[in-house]
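Those protein sequence lines, which keep their order, are chains A and B.
135 is the number that the working numbering gives to position 129 of the first sequence; each next residue is one higher, with no gaps.
176 is the number that the working numbering gives to position 170 of the second sequence; each next residue is one higher, with no gaps.
Where is the CB? At the ideal position from N, CA and C, for every residue including glycine.
The block underneath contains the structure these notes are about, expressed in structure tokens.
Number of protein chains: 2
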Amino acid sequence: MPQVSSETPVVHIVDDDESQRLGLDSLLRSVGLTARTYGTTHEFLKADRLDGPGCIVLDVRLPGISGLDFQEELASLGIRLPVVLMTGHGDIPMSVRAMKAGAVDFLSKPFREQDMIDAVTLALNRDRLRRARETQSVAVLDRHATLSPREREVMALVTAGKLNKQIAAELGLSEVTVKIHRGAAMRKMGARSLADLVRMADALKDQSR
Amino acid sequence: MPQVSSETPVVHIVDDDESQRLGLDSLLRSVGLTARTYGTTHEFLKADRLDGPGCIVLDVRLPGISGLDFQEELASLGIRLPVVLMTGHGDIPMSVRAMKAGAVDFLSKPFREQDMIDAVTLALNRDRLRRARETQSVAVLDRHATLSPREREVMALVTAGKLNKQIAAELGLSEVTVKIHRGAAMRKMGARSLADLVRMADALKDQSR
DNA sequence: GTTGCACCCATACTTAGGTGTGATGCGATA
DNA sequence: TATCGCATCACACCTAAGTATGGGTGCAAC
Numbered sequence: 007m008p009q010v011s012s013e014t015p016v017v018h019i020v021d022d023d024e025s026q027r028l029g030l031d032s033l034l035r036s037v038g039l040t041a042r043t044y045g046t047t048h049e050f051l052k053a054d055r056l057d058g059p060g061c062i063v064l065d066v067r068l069p070g071i072s073g074l075d076f077q078e079e080l081a082s083l084g085i086r087l088p089v090v091l092m093t094g095h096g097d098i099p100m101s102v103r104a105m106k107a108g109a110v111d112f113l114s115k116p117f118r119e120q121d122m123i124d125a126v127t128l129a130l131n132r133d134r135l136r137r138a139r140e141t142q143s144v145a146v147l148d149r150h151a152t153l154s155p156r157e158r159e160v161m162a163l164v165t166a167g168k169l170n171k172q173i174a175a176e177l178g179l180s181e182v183t184v185k186i187h188r189g190a191a192m193r194k195m196g197a198r199s200l201a202d203l204v205r206m207a208d209a210l211k212d213q214s215r
Numbered sequence: 007m008p009q010v011s012s013e014t015p016v017v018h019i020v021d022d023d024e025s026q027r028l029g030l031d032s033l034l035r036s037v038g039l040t041a042r043t044y045g046t047t048h049e050f051l052k053a054d055r056l057d058g059p060g061c062i063v064l065d066v067r068l069p070g071i072s073g074l075d076f077q078e079e080l081a082s083l084g085i086r087l088p089v090v091l092m093t094g095h096g097d098i099p100m101s102v103r104a105m106k107a108g109a110v111d112f113l114s115k116p117f118r119e120q121d122m123i124d125a126v127t128l129a130l131n132r133d134r135l136r137r138a139r140e141t142q143s144v145a146v147l148d149r150h151a152t153l154s155p156r157e158r159e160v161m162a163l164v165t166a167g168k169l170n171k172q173i174a175a176e177l178g179l180s181e182v183t184v185k186i187h188r189g190a191a192m193r194k195m196g197a198r199s200l201a202d203l204v205r206m207a208d209a210l211k212d213q214s215r
């Protein structure tokens, strides 16, 4: 039996039809993937490890809420797992809406098993990529949070390409003080060069967008 | 009559049905947009100003080639105008394929006029954004092309955060020489600070990807 | 063969960046 | 109240960066 560490990606299957759930579950297990099944979105949201690696396979027709609406709700909840949608009674506007909202794929039932496996594989890859980027920039964000307000201010101006002298004038400080804050920013951010710091500053901007 | 300068975005309509073409043309004109119509992809590809701002409204069923295939062909031809697809006999897999390939929207005929207008507006906005980014990084690319091989080499190491001393050692040069190349790179690239240069170097990397 | 360009370097000098010592004041918290 | 983090600055010192002067080579185009 494969070990399920917190690093093992989980495929979350949300479908109100139990036989569909079981079928999908065994399909994904047959290719070595780990799956969890849920009959409702509520049940899914109560589950843990939603912040771990994985993806979601979501039926469009669910009790109480449309899978499409739920897809948008996930975003506002900060759950950024890639979503694969499936439906038995879909139409083109539905699929277009789903894809616009960032779905990895939109499969009509009955689908070919290989199509589902491909979609899930793609979704997991996309998640892995996002996570890799995320861990990098979260580390930067954490370090940036340890800066004092002044240090942040100086860092912003330094990475904007200003000279210590100009920064001092702009903030009404002496040049020495700027150098001190600048040095502290470099140290706290773990930047080994100005180029490093510039890239971190840009990563912070991307983060906030 | 509105003036059509090279800055006016053009909506390229590709549809083999003439009445459809005319209808779309007048719809778009009614909201102040400039449109061109084509009965075949061939006719479209012979047109000029395909590198100007605009977007493409493409019927899926075309003589000789599927609109979906043509969408992919456009990419390989380097034509990066956003594409809005429409069809009278579409299905979900078609729409999903189109959206995966980057289509702005996929409309089933008959569509609501407002939906087409919205799609085209979105497409034009997307094009405007891409163009703005593009002109920036193309300018950087041009300037980078004026650097001598050594200057490029030094720029790469500088923007990697290395000290002149380290660069000199790595390239087997004296530190003065490195400074000269470095200064030349800054001048030719139009960088007013090291931070500037670092961002340009990163833009170059993005470009190549 | 001269002209132009890329490339290289030494010396000398100026400005910018970085650090350490030592000191002051402020506000929050233990 | 004492201590800690933050912010501030002066003085001194060192390294790094940038520029100018002046000179050298090799290569390719005209």
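Residue range of the beta strand (DSSP E) that residue i falls in?
| i | result |
| --- | --- |
| THR40 of chain B | 40-44 |
| ASP65 of chain A | 60-65 |
| PHE112 of chain B | 111-114 |
Are residue i and residue j close, meaning C-beta to C-beta below 9 Å?
| i | j | result |
| --- | --- | --- |
| MET105 of chain B | LYS211 of chain A | no |
| PRO15 of chain A | ARG136 of chain A | no |
| ASP218 of chain B | LEU68 of chain B | Given that chain B is displayed from residue 7 to residue 215, the structure contains no residue 218 of chain B and the question cannot be resolved. |
| LEU169 of chain A | MET161 of chain A | no |
| GLY189 of chain B | SER199 of chain A | no |
| GLY3 of chain A | SER72 of chain A | Since the displayed chain A opens at 7 and closes at 215, residue 3 of chain A lies outside it and no answer follows. |
| ARG149 of chain B | MET195 of chain B | yes |
| GLU159 of chain B | LEU147 of chain B | no |
| LEU33 of chain A | GLU119 of chain A | yes |
| MET100 of chain A | LEU74 of chain A | yes |
| ILE85 of chain B | LEU56 of chain B | yes |
| THR43 of chain A | ASP31 of chain A | yes |
| ILE98 of chain B | ASP124 of chain A | no |
| ALA174 of chain B | VAL184 of chain B | yes |
| ALA109 of chain B | GLN142 of chain B | no |
| LEU91 of chain B | VAL66 of chain B | yes |
| GLU24 of chain A | GLY45 of chain A | yes |
| ASP208 of chain B | ASP111 of chain A | no |
At what residues does the alpha helix (DSSP H) containing residue i begin and finish?
| i | result |
| --- | --- |
| HIS95 of chain A | No alpha helix (DSSP H) contains HIS95 of chain A, which DSSP labels as neither H nor E. |
| ASP148 of chain A | 119-151 |
| ARG55 of chain A | Neither: ARG55 of chain A is in no alpha helix (DSSP H) and is coded neither H nor E. |
| ALA190 of chain A | 181-195 |
| ALA175 of chain A | 170-177 |
| ALA216 of chain B | This structure cannot settle anything about residue 216 of chain B, because the visible part of chain B is limited to 7 through 215. |
Could you check how far apart the C-beta atoms of residue i and residue j are, in whole angstroms? I think they sit under 8 Å.
| i | j | result |
| --- | --- | --- |
| ALA151 of chain A | VAL204 of chain B | At roughly 23 Å, the Cβ-Cβ gap does not stay under 8 Å, so ALA151 of chain A and VAL204 of chain B are not in contact. |
| LEU64 of chain A | VAL89 of chain A | 6 Å |
| VAL17 of chain A | THR47 of chain A | No, VAL17 of chain A and THR47 of chain A are not in contact; Cβ-Cβ is about 16 Å, not under 8 Å. |
| ILE62 of chain B | LEU87 of chain B | 5 Å |
Who pairs with residue i in a beta bridge, going by DSSP?
| i | result |
| --- | --- |
| VAL90 of chain B | B:VAL63, B:ASP111 |
| SER72 of chain B | B:ARG67 |
Would you say residue i touches the ligand MG, meaning its beta carbon is less than 8 Å from a heavy atom?
| i | result |
| --- | --- |
| VAL144 of chain A | The ligand MG is absent from the structure shown, which contains no ligands of any kind. |
Check your understanding: Which runs of the alpha helix (DSSP H), 4 residues or longer, sit entirely within the segment 12-38 of chain B?
Key -> 24-36
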